Amino acid sequence: MTAKRTILPIVAMLVAGSSHALGQPGSFSDQIVVTGKVRDFRARNDGGHTDFQWKPGRGFGHYVGMIGDELDEDGKPVMVSTGHKLQSTWKDGEGRPIMPPRPHFPALESDIAGSFESQEGLALHEPEDFAQWFRDVPGVNESTLVPITLRREPGGVYVFDDREDENFSSLGGFFPINNELYGNYQNTGKNFHFTFELSANFVYKENSGQVFTFIGDDDVWVFIDDKCVIDIGGVHSAVRQTIDLDRLDWLEDGESYSFKFFFAERHTTESNFRIETTLNLRMVTLPVTTALAD
8 MTAKRTILPI
18 VAMLVAGSSH
28 ALGQPGSFSD
38 QIVVTGKVRD
48 FRARNDGGHT
58 DFQWKPGRGF
68 GHYVGMIGDE
78 LDEDGKPVMV
88 STGHKLQSTW
98 KDGEGRPIMP
108 PRPHFPALES
118 DIAGSFESQE
128 GLALHEPEDF
138 AQWFRDVPGV
148 NESTLVPITL
158 RREPGGVYVF
168 DDREDENFSS
178 LGGFFPINNE
188 LYGNYQNTGK
198 NFHFTFELSA
208 NFVYKENSGQ
218 VFTFIGDDDV
228 WVFIDDKCVI
238 DIGGVHSAVR
248 QTIDLDRLDW
258 LEDGESYSFK
268 FFFAERHTTE
278 SNFRIETTLN
288 LRMVTLPVTT
298 ALAD
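Residues 8 to 301, numbered by this note's numbering, are exactly what the sequence shown covers, in order.
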């Protein structure tokens with residue numbers, strides 16, 4: 008095989024009809040375009056990565072605690088366990104699903120407590136394998152850049168929904184690299200095994216109702232200021248989880264913070280992806296991508 012390196016240009020964030028396009032906080036527009044990095048993997052039963060097309064040892068489902076509280080020095084999540092299968096969901100005082108408590112995310116009196124299994128669930132394998140999910144590794148994955156558009160709806164909520172977006176609605180789910188990179192999985196006609204990573208920033212506005220909600224599958228982790236605030240691990244059907252930024256007591260009004268999003272589609276037969284947020288996200292500089300091809 009001959010290695011061919013493809014360098015894609017840095018893509019700036021495009022925001023229509025607003026000074027937000029100049030990076031000015033506090034301005035709003037009809038849409039926000041955020042560009043993330045997709046990494047494609049071959050399935051484990053096709054000589055590929057051990058974590059893709061994998062059924063967890065405790066069965067399909069939502070697993071928590073697979074990754075640590077903070078990102079590593081490279082800005083990547085770190086595997087700390089093979090996950091604990093969720094038995095019942097934690098909810099906030101408004102009934103919205105939230106992640107289980109962590110040292111930086113303590114339970115509030117208004118929260119409804121959930122539970123998870125004490126034993127580990129083998130939702131993934133080894134830290135060395137997991138470290139490849141969100142890094143370019145020649146011979147293990149191929150990468151490219153993919154933009155998604157969040158459109159502002161009444162009430163100031165920005166939404167991306169693969170079932171409604173004009174670029175994805177005809178695909179039957181979130182399939183950004185069909186017929187690309189390693190190609191589609193067996194006879195499905197779709198490329199199922201990939202990760203998606205994006206980085207942005209935002210200005211925190213205290214008591215302004217800033218929230219971020221994800222609904223989809225499979226694994227999703229969100230980090231604000233490099234701390235985990237959404238924890239949807241495992242291989243499962245669509246799961247919802249929300250973070251209300253006002254419960255993050257270390258954030259200071261008017262200050263800018265990082266927002267990092269990590270997604271993995273690891274198993275057939277569905278790929279669902281919906282974002283709902285009131286955050287005025289602004290892209291940071293995008294990484295160069297390297298794809299290897301025959």
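Glycine residues also receive a C-beta, built at the ideal position from the N, C-alpha and C atoms. Predicted model, so just to flag it, every value in this text is computed and none were measured.
Requested in this report: Take residue 129 and list the residues in its own chain whose beta-carbon comes closer than 8 Å to its own, dropping the five residues that flank it on each side.
Outcome: As a first step, residue 129 must be located in the sequence shown, where it is residue number 122. These residues qualify, in order along the chain: 63, 64, 65, 89 and 90.
Requested in this report: Under 7 Å Cβ to Cβ from residue 192, same chain only, skipping five residues before and after it: list those, please.
Outcome: As a first step, residue 192 must be located in the sequence shown, where it is residue number 185. The residues are 50, 198, 199, 200 and 275.
Query raised in the report: For the alpha helix (DSSP H) that contains residue 233, what are its first and last residues?
Result: Stepping through the sequence shown from its first residue, residue 233 is reached at position 226. Premise fails: residue 233 is in no alpha helix (DSSP H) and is neither H nor E.
Query raised in the report: In the stretch 195 to 227, which residue ranges form an unbroken beta strand (DSSP E) of at least 3 residues, counting only runs that do not cross its ends?
Result: 201 to 210 and 218 to 223
**Report entry** Of the listed residues 160, 121 and 291, nearest to residue 6 (C-alpha basis)
**Finding:** The question about residue 6 has no answer here: the residues shown for the chain are numbered 8 through 301.
Query - Euclidean distance between Cα positions of residue 69 and residue 104 - result: Numbered from its first residue, the sequence shown carries residue 69 at position 62. Numbered from its first residue, the sequence shown carries residue 104 at position 97. Their Cα atoms are separated by approximately 12 Å.
Query raised in the report: Distance, Cα to Cα, residue 112 vs residue 99?
Result: Taking the sequence shown and counting its residues from 1, one reaches residue 112 at position 105. Taking the sequence shown and counting its residues from 1, one reaches residue 99 at position 92. Distance between the alpha carbons of residue 112 and residue 99: 12 Å.
Query raised in the report: Under a three-way DSSP split, which group does residue 47 fall into?
Result: Residue mapping note: residue 47 aligns to position 40 of the sequence shown, counting from 1. Note: residue 47 maps to strand in three-state DSSP.
**Report entry** Neighbourhood of residue 250 by C-beta, 6 Å cutoff - its chain only, sequence neighbours within 5 removed
**Finding:** What you label residue 250 is simply residue 243 of the sequence shown in a count that begins at 1. Counting only Cβ-Cβ distances below 6 Å, and skipping sequence neighbours, we find 219, 236 and 237.
Report task. Can you say whether residue 115 is buried or exposed, counting buried as having 16 or more other CB atoms within 10 angstroms of its CB? Result -> Mapped onto the sequence shown, residue 115 falls at position 108. It is exposed - the Cβ of residue 115 has fewer than 16 other Cβ atoms within 10 Å.
Query raised in the report: Taking C-beta to C-beta, are residue 270 and residue 202 nearer than 8 Å?
Result: Position 263 of the sequence shown, counted from the first residue, corresponds to residue 270. Position 195 of the sequence shown, counted from the first residue, corresponds to residue 202. A contact, by the Cβ cut-off of 8 Å.
Query raised in the report: Where are the alpha helix (DSSP H) runs, 4 residues long or more, that stay fully inside the stretch 66 to 136, in chain order?
Result: none
Query raised in the report: Just curious, the beta strand (DSSP E) that residue 247 is in, first and last residue?
Result: Along the sequence shown, read from residue 1 onward, the residue named residue 247 stands at position 240. 246 to 251 is the extent of the beta strand (DSSP E) around residue 247.
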